[in-house]
Each structure stands twice: as C-alpha cells, then as structure tokens.
Amino acid sequence: MGNMKFNTSILTGSALVAVIEMLSRLSHVSRKTADGHLADNEKNWEEYLNKTKTVYIERQHDLEMLYFGSYRKLFSKMFMNGRPIVAARNSCEVIAVYNALLNLGIKEENTSFPRLLNYFEKNASVLKGYFGTSFAGIIKYFKTHGYDYKYFYGKNITEENLNDLEKNYATYIFMSYNNIENIADMIHTMSVTREEKGFFIHNACEVPIYFDSLYEAISKYNNVCGFKSRPIAVLGINKGKKEKENEEE
147 MGNMKFNTSI
157 LTGSALVAVI
167 EMLSRLSHVS
177 RKTADGHLAD
187 NEKNWEEYLN
197 KTKTVYIERQ
207 HDLEMLYFGS
217 YRKLFSKMFM
227 NGRPIVAARN
237 SCEVIAVYNA
247 LLNLGIKEEN
257 TSFPRLLNYF
267 EKNASVLKGY
277 FGTSFAGIIK
287 YFKTHGYDYK
297 YFYGKNITEE
307 NLNDLEKNYA
317 TYIFMSYNNI
327 ENIADMIHTM
337 SVTREEKGFF
347 IHNACEVPIY
357 FDSLYEAISK
367 YNNVCGFKSR
377 PIAVLGINKG
387 KKEKENEEE
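Going by the working numbering, the sequence shown opens with residue 147, and the numbers climb by one from there.
What follows is the structure, encoded as structure tokens:
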C-alpha cells in the first residue's frame with residue numbers, strides 16, 4: 147500500500163477547489179490565534195527582510211520564523227512528521243498573493259506579508275492551516291478588495307483561455323498538482339509575473355526558468371524537477387474594479 151499511487155484525475159478543477167473551500171469554512175484558524183501570531187510575525191519578518199533584502203518571496207522553506215496555522219498534535223503527526231506548523235511548510239498560497247500584489251505595485255500596511263498571513267489564517271486557512279489556504283479564499287480576497295480578476299478551473303485551463311488571461315491581465319496565480327501521476331506528491335500554489343526575459347514562476351523550483359507564454363509556464367511547471375504537473379486553477383488579476391462576474395466556473 148505504501149507504494150500505491152493515485153492519479154490526479156480523481157479530483158480536479160472546480161470539484162477540488164470546492165472541497166478545499168468546504169474544509170476551510172469548517173476549520174480555519176481562530177481570530178484569537180491568528181491575532182496572537184501577528185506581533186511576532188511582524189518582528190520576525192522585519193528581521194528577515196533586513197537580512198535577505200528580498201523583494202519577491204522565492205524560498206518558502208526559509209520562513210521557519212513565521213507562524214501560520216493552529217497547532218494540533220494529531221495533524222502535525224499526520225501531515226508534518228511532528229514538525230512545527232510554520233509558514234515554511236504551508237504558506238504557498240499567501241506567498242503567491244503577496245508576490246502578485248508586489249507585481250501590481252501594491253505596497254500598503256495591510257498587504258505586508260505578516261498582515262496577509264493574519265488575514266488568510268482568519269478567513270481562508272484549511273484544516274487549521276495544515277492544508278494551507280483555500281484558492282476560493284484567494285479569489286474572494288481580490289473580489290473583496292476591489293480588483294479586476296478572472297479565473298479558470300480544470301478542463302477550462304486551455305491554451306486559448308490562458309492566452310486571454312495573458313493578454314488582458316497583469317499578474318497571475320495558479321494552483322497545480324506537483325505530479326500528475328500521484329496525488330500524494332501534493333499541491334502547490336504560485337505567482338507568475340511577466341518579466342523582460344519571459345514569464346517567471348515565483349517560489350517554484352530552485353532553478354530559475356523563463357517561459358515564452360503564460361500557458362507554457364503553467365503547463366510546464368515542475369518539468370525541470372522531473373515531473374509532469376496538472377494545473378487546478380488559474381487566476382488573472384488587474385488593479386481596478388471588476389465589471390462583471392466570472393464567466394468560467
């Protein structure tokens with residue numbers, strides 16, 4: 147049983163996003179716990195920035211000093227081999243939001259990384275943070291804060307639709323299975339930005355790669371690490387108010 151693989155076609159697109167969102171509504175971090183983390187996170191984040199001089203967050207595993215989630219002994223044993231629940235292991239969705247906002251030129255008090263951790267702990271964390279953050283919660287964040295956005299799930303993540311996002315939206319977030327052949331290799335959420343050299347995925351593999359198109363970046367994510375991935379959800383974001391609700395559910 148230990149070597150059994152489950153193909154990611156079992157649960158894809160909108161169905162997976164809906165399951166994660168349902169878990170989030172039942173099990174997000176309490177306001178008291180999240181607010182208790184904020185002061186320490188703000189202090190530790192300032193020290194991290196001063197030491198690394200980072201702009202975008204590229205190395206999630208360096209964030210051992212930041213809290214995200216509510217400790218549960220059973221969940222830590224099941225999902226983290228008994229390790230502490232910290233941002234180094236479960237904050238990829240919040241990192242993607244932070245990087246996307248930076249790319250849009252948004253630098254406000256409430257968009258600092260510690261403030262975003264606090265917001266998503268209280269509003270969209272899943273299984274007390276052990277399963278990270280709900281993608282539907284990310285969409286809700288951009289909706290609530292007045293951004294223009296469009297998203298695609300599962301089978302609607304086509305080259306045509308991603309070309310539309312590339313043409314009409316400034317920055318992007320996507321969630322993907324790391325390995326199309328095995329759900330156990332887990333899910334990762336990342337920001338994609340448009341640079342002079344091409345489209346760049348932040349907080350992905352250690353090897354920096356630029357892609358010729360948004361579609362190529364998302365469809366070829368993790369190839370360099372020896373896997374074929376499967377995108378689950380893709381979100382395009384602009385500054386400015388959304389005119390109408392998303393047409394691609």
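We put the CB at the ideal spot given by N, CA and C, even for glycine.
query: DSSP beta-bridge partners for residue 377?
result: Indexing the sequence shown from 1 puts residue 377 at position 231. Residue 377 pairs with 322.
- Query: So does the stretch 309 to 325 actually touch the stretch 201 to 216, counting three or more Cβ pairs closer than 8 Å?
  - Reply: no
Worksheet item: In terms of residues, what are the limits of the beta strand (DSSP E) holding residue 336?
Response: Within the sequence shown, residue 336 is the residue found at index 190, counting from 1. Residues 333 to 341.
- Item | First through last residue of the beta strand (DSSP E) which encompasses residue 294 | Here the question's residue 294 lines up with position 148 in the sequence shown. Per DSSP, residue 294 belongs to the beta strand (DSSP E) from 294 to 299.
#### Entry: For residue 241, the residue or residues it bridges with in DSSP
As a first step, residue 241 must be located in the sequence shown, where it is residue number 95. BP columns for residue 241 are empty, so no partner.
- Item | Span separating the alpha-carbon of residue 351 from that of residue 369 | Here residue 351 corresponds to residue number 205 of the sequence shown, with the count starting at 1. Here residue 369 corresponds to residue number 223 of the sequence shown, with the count starting at 1. So the two alpha carbons sit approximately 10 Å from each other.
request  = In the DSSP assignment, find the unbroken beta strand (DSSP E) run with residue 346 in it and report its ends.
outcome  = Numbered from 1 along the sequence shown, position 200 holds the residue referred to as residue 346. Counting along the chain, the beta strand (DSSP E) containing residue 346 begins and ends at 344 to 348.
Exercise for the section: Tell me, please, whether the stretch 262 to 280 touches the stretch 166 to 173 by the rule of three or more beta-carbon pairs shorter than 8 Å. Expected result: yes
| Is it a yes or a no for the stretch 184 to 191 touching the stretch 258 to 268, going by three-plus beta-carbon pairs under 8 Å? | yes
Run through the DSSP bridge pairs and tell me what residue 357 is partnered with. By 1-based counting over the sequence shown, the position of residue 357 is 211. According to DSSP, residue 357 bridges with 345.
**Study point:** Closest Cα partner of residue 165 within the set 234, 304, 195 and 282
**Key:** The residue given as residue 165 occupies position 19 in the sequence shown. Cα-wise, what sits closest to residue 165 is 282.
Problem - For residue 323 and residue 365, believed in contact at Cβ under 8 Å, the rounded distance - result: If you number the sequence shown from 1, residue 365 lands on position 219. If you number the sequence shown from 1, residue 323 lands on position 177. In fact, because the Cβ distance is near 12 Å, the residues do not count as touching under 8 Å.
Checklist entry - Which full runs of the beta strand (DSSP E) of 3+ residues lie inside the stretch 172 to 250, going along the chain? => result none
So, helix, strand or coil for residue 303, using DSSP? Position 157 of the sequence shown, counted from the first residue, corresponds to residue 303. The answer is coil: DSSP assigns residue 303 none of H, G, I, E or B.
Where the alpha helix (DSSP H) through residue 316 begins and ends:
Here residue 316 corresponds to residue number 170 of the sequence shown, with the count starting at 1. Careful: residue 316 lies outside any alpha helix (DSSP H) and carries neither H nor E.
Check your understanding: For residue 342, is the classification buried or exposed, using 16 other Cβ atoms within 10 angstroms of its Cβ as the cut-off for buried?
Key -> As a working mapping, residue 342 is identified with position 196 in the sequence shown. Its Cβ having fewer than 16 others within 10 Å, residue 342 is exposed.
* Asked: Where does residue 235 land, buried or exposed, given buried means 16+ other C-beta within 10 angstroms?
  -> Taking the sequence shown and counting its residues from 1, one reaches residue 235 at position 89. Classification of residue 235: buried, given that the 10 Å Cβ count is 16 or more.
Inset, instruction - With a threshold of 16 other CB atoms inside 10 Å of the CB of residue 227, please say whether the residue is buried or exposed. - result: Numbered from 1 along the sequence shown, position 81 holds the residue referred to as residue 227. Counting Cβ neighbours within 10 Å, residue 227 comes out exposed, since fewer than 16 surround it.
* Contacts around residue 337, its chain only, beta-carbon distance under 6 Å, and the 5 residues preceding and following it disregarded -> Against the sequence shown, residue 337 aligns to sequence position 191. Here the set comprises 242, 245, 246, 319 and 348.
Exercise for review: Tell me, please, which residues DSSP counts as bridged to residue 279.
Suggested key: In the sequence shown, residue 279 corresponds to position 133, counting from 1. Answer is 271.
Let me know the secondary structure DSSP gives residue 384 once reduced to three states.
The sequence position of residue 384 within the sequence shown is 238, counting from 1. If DSSP states are grouped into helix, strand and coil, residue 384 belongs with the strands.
Item to check | Where residue 366 sits in the DSSP three-state scheme | outcome: Translated into positions along the sequence shown, residue 366 becomes position 220. Reduced to three states, the DSSP call for residue 366 is coil.
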